[in-house]
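2 protein chains.
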Amino acid sequence: MSRITPKESIEVVDRLGDITALARSLSDENRLRILVYLADGKQSVSRIVEELQLSQPLVSHHLKELKRCLLVNVERNGPFIYYELADPRILHILKDLAAIGEELLANRKTL
Amino acid sequence: MSRITPKESIEVVDRLGDITALARSLSDENRLRILVYLADGKQSVSRIVEELQLSQPLVSHHLKELKRCLLVNVERNGPFIYYELADPRILHILKDLAAIGEELLANRKTL
DNA sequence: TCAACATATAAATACTTATTGATATATTCA
DNA sequence: TGAATATATCAATAAGTATTTATATGTTGA
């Protein structure tokens, strides 16, 4: 049966848990802003707080979530803790989702 | 300023709301199962209920969510209501997320 | 029109989680 | 060691949502 199913379905159906975990991480605007900011390279918590104008506990909370599903790596340097993207491909996902969203909305307006 | 920012960031930062809406839709296993099932083509609600072994109200609820972010199109035929994928590219997103999840977990085991 | 079926909606519950404010922990430097 | 800074954690709250059970709506065929 698994030989018959197209490849896209196979890989996916065996990893629904991983997919939902990653998708959940991407379902918050502040976490997306953090990920996009980290696209420029590793940043300390305080830099993120300053750049995104969010409270420090809130940023720590979101970084914890991102770390939980392994989307960021952590590294201490003196008193600072730096976070960086674990896999830049996540940015491509964001871009693809943006493109899909854009097109779905455009088609809707056509109705 | 927008000319300086890399293209990936530009498109994305202007559509954080769309991205989070789509990602939220993908953050539930039962919704993913529905999307994957719809990869085979349009299906009636009762077929989905039967195939996925979920209660009918639950399936209707999830279909409503998927429709809300335009991931599925709806079509009535007699007493049946058929749902189909609005954009098959969403399946590629699932595949990409599965691949990223797989690799992130594999690397973690290496630590 | 009525019975049977397909689907949607409503109400209730339980669980998750984003956010805030307060506090704890850890590191550096004087 | 102690003060200052960086970050994490905790407790509380509010808001969202997945699921269930019951019911309503809509469609068909007799």
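Residue numbers (the working numbering), protein chains in the order written: chain A, 1 to 111; chain B, 1001 to 1111. No residue lacks a Cβ here, since even glycine has one placed at the ideal position from N, Cα and C.
In the three-state scheme derived from DSSP, where H, G and I count as helix and E and B as strand, A/R89 is classed as helix. Counting other Cβ atoms within 10 Å of its Cβ, A/G101 reaches 16 or more and is therefore classed as buried. A/R24: member of the alpha helix (DSSP H) spanning L16 to S25, first to last residue. For A/V36, the closest Cβ of chain B is nearer than 7 Å.
Contact with chain B is found for A/I100, since one of that chain's Cβ atoms lies less than 7 Å from the residue's Cβ. Sequence-distant partners of B/R1033 (beyond 5 residues in either direction) whose C-beta falls short of 6 Å from its own C-beta, in its chain, are L1052.
By the beta-carbon neighbour count (other beta carbons within 10 angstroms, threshold 16), B/D1018 is buried.
The three-state reading of DSSP puts A/S44 in strand, counting E and B together.
Residues of the same chain with a CB within less than 7 Å of the CB of B/I1090, apart from the 5 flanking positions on each side, are L1035 and L1071 in chain order. Excluding sequence positions up to five before and after B/A1086, its CB lies within less than 6 Å of the CB of L1070, L1071, V1072 and N1073, all in the same chain and listed in chain order. Within the same chain, and ignoring the five residues on either side of B/G1041 in sequence, the residues whose Cβ sits closer than 8 Å to its Cβ are E1084. Distance between B/H1092 and A/E50, taken at the CA atoms: about 35 Å. Going by C-alpha positions, A/V59 is about 24 Å away from B/D1028.
If you check each beta-carbon in the segment 71-98 of chain A against every beta-carbon of chain B, the ones closer than 8 Å belong to L71, A86, D87, R89, I90, L91, H92, I93, L94, K95, D96, L97 and A98.
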